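J.: Once you've had a glance at the structure underneath, I'll fire off some questions.
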Amino acid sequence: QSLGLAAAGRPGKTAKRPFPCHLCERSFIQRGDFLKVHMRTHTGEKPFSCSHCGRRFTRSGDLSSHMRTHTGEKPFSCQICGKSFSQSCNLLCHLRTHTGEKPFTCPTSGI
1 QSLGLAAAGR PGKTAKRPFP CHLCERSFIQ RGDFLKVHMR THTGEKPFSC SHCGRRFTRS
61 GDLSSHMRTH TGEKPFSCQI CGKSFSQSCN LLCHLRTHTG EKPFTCPTSG I
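Residue numbers for the sequence shown follow the UniProt record's numbering, beginning at 1 and rising by one.
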């Protein structure tokens with residue numbers, strides 16, 4: 001049984017992305033925050049700072065996830081066994097232990 005846990009891809013490559021970065025080949029569907037946040041990869045700007053340890057982040061969501069390391073908050077719970085996780089991606093990986101889903105294959109053996 002598959003839970004559809006494969007990583008969600010970006011919109012199709014044929015999708016129009018009319019807002020290009022002038023420093024690299026990336027382009028975006030919307031001008032707003034997407035391009036603004038992307039530009040931080042070029043400038044090194046990290047405007048979001050952890051009040052506990054001072055670590056800095058380019059995106060506010062990354063700071064929010066990081067804060068859980070200090071608070072111990074684990075808002076993502078497995079509906080099957082109740083185990084909790086601080087990040088949703090860890091819950092998704094955990095769910096595979098219940099389903100037996102193995103979405104990745106070895107490039108050498110094909111297993």
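All C-beta atoms in this analysis are idealised placements derived from N, C-alpha and C, irrespective of residue type, glycine included. Just so we're clear, the structure is a prediction, and the values are computed from it rather than from any experiment.
#1: For Gln79, I'd like the list of residues in its chain whose CB is within less than 7 angstroms of its CB, leaving aside the five on either flank, ordered along the chain.
#2: For Pro103, which beta-bridge partners are listed by DSSP?
#3: In whole angstroms, what separates the C-alpha of Arg59 from that of Pro20?
#4: Buried or exposed: where does Leu91 fall if 16 or more other Cβ atoms within 10 Å of its Cβ makes it buried?
#5: To the nearest angstrom, how far is it from the Cα of Ser88 to the Cα of Ser109?
#6: Cα-Cα, which of Cys24, Gly61, His66 is closest to His52?
#7: Pop quiz: Ser77 and Ser86 are said to be a contact at Cβ under 8 angstroms. What is the actual Cβ separation, rounded to whole angstroms?
#8: Quick one: what's got a C-beta closer than 6 angstroms to Lys74's C-beta in the same chain, skipping five residues either side?
#9: If you measure from the beta carbon of Thr69 to each beta carbon in chain C, is any gap under 9 angstroms?
T.: This is what the structure gives:
#1: none
#2: According to DSSP, which records beta bridges pairwise, Pro103 is partnered with nothing at all.
#3: 20 angstroms
#4: buried
#5: 30 angstroms
#6: His66
#7: At roughly 11 angstroms, the Cβ-Cβ gap does not stay under 8 angstroms, so Ser77 and Ser86 are not in contact.
#8: Ser84, Phe85, Ser86
#9: The structure shown contains no chain C; it is built from a single protein chain.
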